[in-house]
């Protein structure tokens, strides 16, 4: 029998594949492309993906190593999934193994197959949860019905922008479209992506009520590894018909995928910010094109990239201009000029009065402040000392409840000092306001009210976010304080007042996307108000924005609920300034112990490859220059042609790998945070 060799992709920075010898084992089947193999690599035993089975190799016989095990228990990953990983690796300029292997559940990659075998047995016994109280499909309005009919009739690739005002019933369009697609094919699978983990429980509950006879898989990073493997296997084997997940779910194996839905497609959370910096939204569109299936991108505030695609006719726009609940209307947006009406404890008198009106009627209020902790910084009036992080170019945030100063970037914690470390002054003062301080102030103003805070600090434990939102939905909260966690996807039936505090900082950010994100954030949080029909004698839904810049065009567009006008103006500005989506970018980052070292390396890198037709800007320090004692700098590469940029990067990165340096570097394609 001729020797058999396996070509395997491994999760390493080396941009190459590796050959291993396969030693036949009694009764063991021949390895297949797409199976997982355990192999020795250096002093480790790691998992790899089999990409070829052959009888020849260029590796000398005395150098080639043998495969330790092949995971025959797990069905092989199909060629379309491997092609998806190849595309992502090629587009994001990473080795194939760095894309494919991390996309698999951790318990599928460990040396022992115990967890895999245990979960396969569980899967064989698993049945779809039966809910005796299955929820009936509500009647759709004309626009919703048109959207469902249009999408579900499509049997080839098409990208749809479902542009609906907040509360217009986009989720209902997703569910009824999914129902039709699943009914058309008894094997069909539907993938629904949401931007954040805390949005999955509510949507999962809706899906289970609507599809009691179908198995549903959930995939996100907050799951225990054993649970994640079970759900991944359910999707991989086709047993799960509906898959709900965050961005990592786009790289899951779905052999019978027939529809992809991306909810809140504008959300920056869809862009991975560590390791492989991929965009789940963009990969979803490519995957839909690959499979010849429809993809739905839903949002009240689409990203400018998606909006431009729709304007150019590449995506078909489906409009939902009315709220789904009859007699539920969009809230009235009002601006409070804090230069004229000075806030006390962060709240103007007009806002305090509006909250009191809601308390009197038994209605809920939401105060949106996208800054957790008690205060962003503490300082000394006597000598000017400020609570800076010693490891980052950032302040230590005061967390009064924990009696700690905490860096939100590197995690450094210190006890709140009793006196100034510089001059000994005991009268240290908090500067600014976070959610904890706002909570304290509201409890003092409204001692009879049930004040509740939802942010990353109050929802650290597993399941705590779901429990917190359930508390609000049950009506056990009068005043809700929240960060961006509460801004989208939640349907608070009794909420009639939303207030946005201190949103102005984004108006003057050096990030050219800041105003786009602020508008989306404010429109999303405003959309939490007035989603149910107004009660008789109740207050009209209202949004109050406290700002020092009441005449800013962004706030005027918000008052008119005019996303289209705002987006079209921004697109015109972007086109004139040659910025995305009218130009294509890559960001080259370098990290070193000293900033000068990183800058010098970037200068060398900029000149190591000819770049005719490609713009390489000067290296500059990153906004957050130092994180955890590491200095960071960046270099922006631009081109009016995506293929030209990709071709240059392929050659450039190969040249960069040849440079000898201790600087840690990486390239991000289509950066969203510059």
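In UniProt numbering, the protein residues as written are 1 to 674. Think of the CB as a built atom: it goes at the ideal place given N, C-alpha and C, for glycine as much as any other residue. Computed from a prediction, not measured in an experiment: that's the story for all the values here.
Practice problem: Would you mind working out which of 163, 21, 81, 43 sits nearest residue 57, comparing C-alpha positions? | Solution: Considering only alpha carbons, the answer is 21.
Quiz item: Are the region 216-231 and the region 511-529 in contact at 8 angstroms, needing three or more beta carbon pairs?
Solution: Contact fails: fewer than three Cβ-Cβ distances are below 8 angstroms.
Quiz item: DSSP state of residue 754, grouped into three classes?
Solution: The requested residue 754 does not occur in the structure, where the chain is confined to residues 1 to 674.
Exercise. Along the alpha helix (DSSP H) that carries residue 209, what are the first and last residues, could you check?
Key: Run containing residue 209: 200-210, per the alpha helix (DSSP H) assignment.
Quiz item: Nearest to residue 412 by CA position, among 389, 427, 421, is which residue?
Solution: The residue with the shortest Cα to Cα distance from residue 412 is 389.
Quiz item: Comparing alpha-carbon positions, which option in 98, 84, 424, 294 lies nearest residue 155?
Solution: Check the Cα spacing between residue 155 and each of 98, 84, 424, 294: the tightest is with 294.
Practice problem: Using only alpha-carbon positions, find the residue among 385, 261, 44 that is nearest to residue 10. | Solution: Of the residues 385, 261, 44, the one whose Cα lies closest to the Cα of residue 10 is 44.
Practice problem: Let me know the secondary structure DSSP gives residue 306 once reduced to three states. | Solution: Looking at residue 306 - three-state DSSP - the assignment turns out to be helix.
Quiz item: Leaving out five residues before and five after residue 684 in sequence, what residues of the same chain have Cβ atoms less than 7 angstroms from its Cβ?
Solution: Nothing can be reported for residue 684: it is not among the residues displayed for the chain, which extend from 1 to 674.
Self-check item: N- and C-terminal bounds of the beta strand (DSSP E) containing residue 337
Solution: That run of the beta strand (DSSP E) goes 332-337.
Self-check item: Inter-residue spacing [alpha-carbon to alpha-carbon] between residue 464 and residue 206
Solution: Looking at the two C-alpha atoms, the distance is approximately 19 angstroms.
Quiz item: Cβ of residue 356 within 8 angstroms of Cβ of residue 364?
Solution: Result no, Cβ atoms of residue 356 and residue 364 do not sit closer than 8 angstroms.
Quiz item: First and last residue of the alpha helix (DSSP H) that includes residue 349?
Solution: Under the DSSP assignment, residue 349 falls in the alpha helix (DSSP H) whose first and last residues are 349-361.
Exercise. Could you tell me the distance, in whole angstroms, from the CA atom of residue 427 to the CA atom of residue 88?
Key: Whole-angstrom Cα-Cα distance: 55 angstroms.
Quiz item: When you compare only the Cα positions, how much space is there between residue 439 and residue 509?
Solution: Looking at the backbone, the Cα of residue 439 and that of residue 509 are separated by about 27 angstroms.
Self-check item: residue 286 - DSSP class collapsed to helix/strand/coil
Solution: Of the three classes helix, strand and coil, the one that applies to residue 286 here is helix, per DSSP.
Quiz item: Between the Cα of residue 648 and the Cα atoms of 605, 628, 620, which residue gives the shortest distance?
Solution: Of the listed residues, the one whose Cα sits closest to residue 648 is 605.
Quiz item: If we count the other Cβ atoms within 10 Å of its Cβ and call it buried at 16 or more, is residue 170 buried or exposed?
Solution: With a threshold of 16 other beta carbon atoms within 10 Å, residue 170 meets it and is buried.
Self-check item: For residue 485, the first and last residue of its enclosing beta strand (DSSP E)
Solution: First-last for residue 485: undefined, no H or E at that position.
Self-check item: Buried versus exposed call for residue 488 [16 or more other C-beta atoms within 10 Å across all chains shown]
Solution: With 16 or more other Cβ atoms within 10 Å, it is buried.
Exercise. Could you pull the start and end residues of the beta strand (DSSP E) that residue 639 belongs to?
Key: From DSSP, the beta strand (DSSP E) with residue 639 extends over 630-639.
Quiz prompt | Residues near residue 95 in its chain [Cβ-Cβ closer than 6 angstroms; skip 5 each side] | solution = Answer for residue 95: 15, listed in chain order.
Quiz item: Using DSSP with H/G/I as helix, E/B as strand and the rest coil, what is residue 553?
Solution: Helix, per DSSP.
Quiz item: Does the distance from the C-beta atom of residue 480 to that of residue 529 stay below 8 angstroms?
Solution: Not a contact, by the Cβ cut-off of 8 angstroms.
Self-check item: Reduced DSSP category for residue 132 - H, G, I as helix; E, B as strand; rest coil
Solution: The pLDDT assigned to residue 132 is 45, lower than 50, so where the model puts this residue is not dependable, and the model offers no usable value.
Quiz item: Exposed or buried, residue 101, counting other C-beta atoms within 10 Å across all chains shown (16 or more means buried)?
Solution: So residue 101 counts as buried.
Quiz item: Is it true that the region 343-350 meets the region 389-408, where meeting means three or more beta-carbon pairs spaced less than 8 angstroms apart?
Solution: Verdict: no, contact absent.
Quiz item: Can residue 158 and residue 256 be called in contact, C-beta distance under 8 angstroms?
Solution: No.
Quiz item: Which residue from 541, 453, 274 puts its Cα closest to that of residue 665?
Solution: It is 274.
Quiz item: Can residue 600 and residue 617 be called in contact, C-beta distance under 8 angstroms?
Solution: No; because the gap between Cβ atoms is not below 8 angstroms, this pair is not in contact.
Quiz item: Tell me, which residues are paired with residue 54 by DSSP?
Solution: Paired residue(s): 5.
Quiz item: Mapping DSSP to helix, strand and coil, what is residue 651?
Solution: For residue 651, the secondary structure class from DSSP, reduced to helix, strand or coil, is helix.
Practice problem: Identify, in the order they occur along the chain, each residue of the same chain with its Cβ nearer than 6 angstroms to the Cβ of residue 262, setting aside the five sequence neighbours on each side. | Solution: In chain order, 193, 281, 284, 297 place their CB closer than 6 angstroms to the CB of residue 262, counting only its own chain and leaving out the 5 sequence neighbours on each side.
Quiz prompt | Between the CA atoms of residue 639 and residue 580 - distance to the nearest angstrom | solution = Each residue's Cα considered, the two are about 10 angstroms apart.
Quiz item: Taking residue 399 as the reference, which of 457, 442, 368, 354 has the closest Cα?
Solution: The option with the nearest alpha carbon to residue 399 is 457.
Quiz item: Once you ignore the five residues that flank residue 343 on each side, which residues in its own chain have a CB closer than 7 angstroms to its CB?
Solution: 546, listed in sequence order.
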